[in-house]
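Undergrad: Chains as they are written, first to last, in the numbering used here: chain S, 3 to 244; chain H, 1383 to 1491; chain D, 515 to 628.
Think of the CB as a built atom: it goes at the ideal place given N, C-alpha and C, for glycine as much as any other residue.
None of these values were measured; they are calculated from a predicted model.
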Amino acid sequence: MRMDPKNLKVSIWRGTPDEGAYTDYAVPRKKSQTILDVVSFVQRYLEPSLSFRFACRVGMCGSCAMMVNGKPRWTCRTHVEKAVDGDKLVIAPLRNLPIIKDLACDMDVFFDKWTRAEARFYPTKNRDDDIEPVLPDNPARIYASQGIECINCAVCYAACDVVEKDPRYLGPAALNRAWTLMNDERDGAGIKRLRAVSGTGGCQSCHSQQGCMTYCPNELNPTLSIAGLKRMAVKAALKGEL
Amino acid sequence: MTEVRLYVLQRISAMVMAPLVMAHLALMIYAIQGGLSAAEILSRTQGSFWWGGYYGLFVAAVSIHGALGLRVIIREELKWPDAVLNTFTFGAGLVLLTLGLRAVMAVVL
Amino acid sequence: MMIRPHQKHPLWLAYKLHRLSGLALVLFLPAHFYVLGLALTDASALDGFLKWTSNPLVKIAEIGLVFLLAVHIFGGLRVLALEFLPWSAKQKTYAAMALATSFFVAISFLMNAI
Chain S
3 MRMDPKNLKV SIWRGTPDEG AYTDYAVPRK KSQTILDVVS FVQRYLEPSL
53 SFRFACRVGM CGSCAMMVNG KPRWTCRTHV EKAVDGDKLV IAPLRNLPII
103 KDLACDMDVF FDKWTRAEAR FYPTKNRDDD IEPVLPDNPA RIYASQGIEC
153 INCAVCYAAC DVVEKDPRYL GPAALNRAWT LMNDERDGAG IKRLRAVSGT
203 GGCQSCHSQQ GCMTYCPNEL NPTLSIAGLK RMAVKAALKG EL
Chain H
1383 MTEVRLYVLQ RISAMVMAPL VMAHLALMIY AIQGGLSAAE ILSRTQGSFW
1433 WGGYYGLFVA AVSIHGALGL RVIIREELKW PDAVLNTFTF GAGLVLLTLG
1483 LRAVMAVVL
Chain D
515 MMIRPHQKHP LWLAYKLHRL SGLALVLFLP AHFYVLGLAL TDASALDGFL
565 KWTSNPLVKI AEIGLVFLLA VHIFGGLRVL ALEFLPWSAK QKTYAAMALA
615 TSFFVAISFL MNAI
């Protein structure tokens, strides 16, 4: 089939949780076009009922994550030139998450696992206490800083095959956040969080495929964080705390 | 047994086996020269406490490691319910241990 | 077994090789133990079996097994390093080194088997 230099052949997944299929659209190629530009064009001029999410469109919020030619990406920060296969684009909702409609997936389970991993801050001081010093060259703080810029976009969750195969697996994002909190000098969850992340579906389920760190648009490394949690869990188990 | 303890068992059995496997590979590369025969093998292993100890340890470690590895694969690919999964993989470990120790006895006694 | 687009990176391949080699080894082991156990009950059967292993096809299978064992152990050492040593950015290099060493070991076996 001859490649059309002017138009992109875009296949977009459309449907509901019960049924769906790919629909093809022809989208004019433009200079410096992003995948989000392509999806927006389709919704504005070709298919007004297309559902999709975006917000900041500048790579800060993580709302626009979708599967682009089989890889999970932020569509606002993915230039067509980088992702296109000749002149073909296949756009689908994020893998491993239930679908609401078309390109919008249900993030509830992603955040439920966040909660189950105790990936929230447990304060230890109140306004009358002295502020806990946070020293930048403290090794624990360096670990925390490495992982802290997660914006919960679920790209890593979509990339992970363990998430795909094991519904109980908490996933790279929740575990990464748990690790940063375990390293936070102000946090008080301690063994409670360690227990939450080392049970069934916990950090031991990671097989270091490193899809998470390969695709994280913020260049975070959940595999590193999960390895850290594994070590913490082993130490606690050998001490009889876990 | 908790997931953490199973993980520890898996990693420890792996660490135990690392030198044992290296030795086994080197041994096989050496032993295969000029063909294999039962007489050759048995003449070295029969009556030997050290061969018994080496291979006995190897069998114990691989029974644990192999069974736990199977457990992960079955859980992720076949998605069996927990009770069935744990029973089956424990059984697999026992089968490996039994057959393995029998093999060790066969070449050492 | 199709490799999907999101799986097309070397560390996924390393994971898959490790899983497949482990599975092959754990399925092979009962047969291996059974054959060795023949020395107890039926020594002539063991000898007969060992004579059979001089068949070139069997030699190729043996080389394959040695390769799988090498892949699994060197890949396993890589995983142990990843999990218990401080993180290294050289993950892809280690995966490549593990695979290269496995080929070396398998070829050493081949050279001695023929």
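Closer than 7 angstroms, Cβ to Cβ, to anything on chain D: give me those residues from the stretch 50-80 of chain S, in chain order.
TA: Here the close residues are Asn71, Gly72, Lys73, Pro74.
Undergrad: Using a 10 Å radius around the Cβ and a threshold of 16 neighbouring Cβ atoms, would you call Trp116(S) buried or exposed?
TA: Here residue 116(S) refers to the residue found at position 114 of the first sequence. Flag for Trp116(S) reads buried.
Undergrad: Can you check the stretch 111-195 of chain S for any alpha helix (DSSP H) of at least 4 residues that lies completely inside it and give the ranges in chain order?
TA: Complete alpha helix (DSSP H) runs here, min 4: 141-149, 157-161, 163-167, 174-184.
Undergrad: Let's test the definition: count the other Cβ atoms within 10 Å of the Cβ of Glu597(D) and tell me whether it reaches 16, buried, or not, exposed.
TA: Translated into positions along the third sequence, residue 597(D) becomes position 83. That one is buried.
Undergrad: If you draw a straight line from the alpha carbon of Asp104(S) to that of Gln45(S), how long is it in whole angstroms?
TA: For this step, residue 104(S) is matched to residue 102 along the first sequence. For this step, residue 45(S) is matched to residue 43 along the first sequence. Each residue's Cα considered, the two are about 11 angstroms apart.
Undergrad: Using a Cβ cut-off of 7 angstroms, pull out every chain D residue sitting near Gly1417(H), in sequence order please.
TA: The sequence position of residue 1417(H) within the second sequence is 35, counting from 1. Per Cβ cutoff of 7 angstroms: Ser568.
Undergrad: What are the complete beta strand (DSSP E) segments, minimum 3 residues, inside the stretch 27-111 of chain S?
TA: Qualifying beta strand (DSSP E) stretches, in chain order: 67-70, 73-76, 90-94, 101-103.
Undergrad: Less than 8 angstroms separating the beta-carbons of Arg197(S) and Thr126(S)?
TA: Along the first sequence, read from residue 1 onward, the residue named residue 197(S) stands at position 195. Along the first sequence, read from residue 1 onward, the residue named residue 126(S) stands at position 124. Not closer than 8 angstroms, so no.
Undergrad: How is Trp526(D) classed by DSSP in three states: helix, strand or coil?
TA: Taking the first residue of the third sequence as 1, we reach residue 526(D) at position 12. Helix.
Undergrad: On the DSSP bridge assignment, give the partners of Leu10(S) in chain order.
TA: As a first step, residue 10(S) is located in the first sequence; it is residue number 8 there, counting from the start. Val29(S).
Undergrad: Quick one, which of Val1398(H), Glu1458(H), Ala1485(H), Val1477(H) has its alpha-carbon nearest Leu541(D)'s?
TA: Translated into positions along the third sequence, residue 541(D) becomes position 27. Comparing Cα positions, the closest option is Val1477(H).
Undergrad: When DSSP builds the beta bridges, which residues end up paired with Ala23(S)?
TA: Locating residue 23(S) in the first sequence gives position 21, where the first residue counts as 1. Answer is Arg16(S).
Undergrad: Alpha helix (DSSP H) containing Pro1401(H): first to last residue?
TA: Here the question's residue 1401(H) lines up with position 19 in the second sequence. Residues 1385-1413.
Undergrad: For Arg1484(H), would you say it is in contact with chain S, using Cβ-to-Cβ distances shorter than 8 angstroms as the test?
TA: Counted from its first residue, the second sequence places residue 1484(H) at position 102. Not one chain S Cβ lies under 8 angstroms of Arg1484(H).
Undergrad: List the residues of chain S whose Cβ lies closer than 9 angstroms to the Cβ of Val593(D), in chain order.
TA: Looking up residue 593(D) in the third sequence gives position 79. Simply His209, Ser210.
Undergrad: Just the Cα atoms here: how many angstroms apart are Val199(S) and Asn626(D)?
TA: For the purposes of this step, residue 199(S) is identified with residue 197 of the first sequence, where counting begins at 1. For the purposes of this step, residue 626(D) is identified with residue 112 of the third sequence, where counting begins at 1. Rounded to the nearest angstrom, the two C-alpha atoms are 48 angstroms apart.
Undergrad: Is DSSP giving Pro219(S) helix, strand or coil here?
TA: Translated into positions along the first sequence, residue 219(S) becomes position 217. Pro219(S) falls in the coil class under three-state DSSP.
Undergrad: In this structure, does DSSP put Gln521(D) in helix, strand or coil?
TA: Position 7 of the third sequence, counting from 1, holds the residue named residue 521(D). Helix.
Undergrad: Check the Cβ-Cβ distances between Val572(D) and every residue of chain H, and say whether any is below 8 angstroms.
TA: Taking the third sequence and counting its residues from 1, one reaches residue 572(D) at position 58. Output row for Val572(D): interface = no.
Undergrad: If you measure between the beta carbons of Ser580(D) and Leu1467(H), is that distance less than 8 angstroms?
TA: Mapped onto the third sequence, residue 580(D) falls at position 66. Mapped onto the second sequence, residue 1467(H) falls at position 85. Per the sequence shown, the amino acid found at residue 580(D) is Val instead of Ser. For Val580(D) and Leu1467(H), no; Cβs fall outside 8 angstroms.
Undergrad: Count the other CB atoms, across all protein chains shown, that sit within 10 Å of the CB of Ala23(S); report buried if there are 16 or more and exposed otherwise.
TA: Reading the first sequence from its first residue, position 21 is the one you call residue 23(S). Classification of Ala23(S): exposed, given that the 10 Å Cβ count is below 16.
Undergrad: Using a Cβ-Cβ cut-off of 8 angstroms, state whether Ala146(S) counts as contacting chain D.
TA: Here residue 146(S) refers to the residue found at position 144 of the first sequence. Taking Cβ atoms only, chain D never reaches closer than 8 angstroms to Ala146(S), which makes this a no.
Undergrad: At 7 angstroms on the CB atoms, spell out the chain D contacts of Leu1452(H), in chain order.
TA: Position 70 of the second sequence holds residue 1452(H). Under the 7 angstroms cutoff, chain D gives Val540.
Undergrad: Go through its chain and collect everything with a Cβ distance to Glu166(S)'s Cβ below 6 angstroms, but skip five positions before and after it.
TA: If you number the first sequence from 1, residue 166(S) lands on position 164. Counting only Cβ-Cβ distances below 6 angstroms, and skipping sequence neighbours, we find Asn98.
Undergrad: When you compare the stretch 122-138 of chain S with the stretch 38-58 of chain S, are there three or more beta-carbon pairs, one atom per stretch, that lie closer than 8 angstroms?
TA: The stretch 122-138 of chain S, when compared against the stretch 38-58 of chain S, does not touch it at the 8 angstroms Cβ threshold.
Undergrad: Give the residues of chain D in contact with Met1410(H), contact being defined as C-beta atoms less than 8 angstroms apart.
TA: Indexing the second sequence from 1 puts residue 1410(H) at position 28. Result: Val580, Phe623.
Undergrad: Please return the same chain residues whose Cβ sits closer than 6 angstroms to the Cβ of Cys63(S), not counting the five positions on each side in sequence.
TA: Sequence index remark: in the first sequence, residue 63(S) carries index 61 (1-based). Contacts found: Ala57.
Undergrad: Mind checking if Pro544(D) is an interface residue toward chain S, Cβ cutoff 8 angstroms exclusive?
TA: Within the third sequence, residue 544(D) is the residue found at index 30, counting from 1. So no, Pro544(D) is outside the interface.
Undergrad: So which residues on chain S does Val1390(H) lean against when the C-beta distance must stay under 7 angstroms?
TA: Taking the second sequence and counting its residues from 1, the one referred to as residue 1390(H) is at position 8. Result: Val236, Ala239.
Undergrad: Quick one: Cα of Val1390(H) to Cα of Leu599(D), how far?
TA: The count along the second sequence starts at 1 and reaches residue 1390(H) at position 8. The count along the third sequence starts at 1 and reaches residue 599(D) at position 85. Approximately 15 angstroms, taken between the alpha carbons.
Undergrad: Grouping DSSP H, G and I as helix and E and B as strand, with all else coil, what is Gly551(D)?
TA: Within the third sequence, numbered from 1, the residue matching residue 551(D) stands at position 37. Helix.
Undergrad: Considering only C-alpha positions, which residue in the set Val236(S), Leu10(S), Gln212(S), Pro74(S) is nearest to Lys90(S)?
TA: Within the first sequence, residue 90(S) is the residue found at index 88, counting from 1. Nearest C-alpha to Lys90(S): Leu10(S).
Undergrad: Residues of chain H with CB closer than 9 angstroms to the CB of Ile587(D), please, in chain order.
TA: What you label residue 587(D) is simply residue 73 of the third sequence in a count that begins at 1. Those within 9 angstroms of Ile587(D) in chain H are Ala1396, Met1399, Ala1400, Val1403, Met1404, Leu1407.
Undergrad: Taking the alpha carbon of Ala156(S) as the point to measure from, which residue in Gln206(S), Arg143(S), Pro174(S) has its own alpha carbon closest?
TA: The residue given as residue 156(S) occupies position 154 in the first sequence. Of the candidates Gln206(S), Arg143(S), Pro174(S), the one whose C-alpha sits nearest the C-alpha of Ala156(S) is Pro174(S).
Undergrad: Identify, in the order they occur along the chain, each residue of the same chain with its Cβ nearer than 8 angstroms to the Cβ of Ile193(S), setting aside the five sequence neighbours on each side.
TA: Against the first sequence, residue 193(S) aligns to sequence position 191. For Ile193(S), where only same-chain residues beyond five positions count, the Cβ hits under 8 angstroms are Ala238, Glu243, Leu244.
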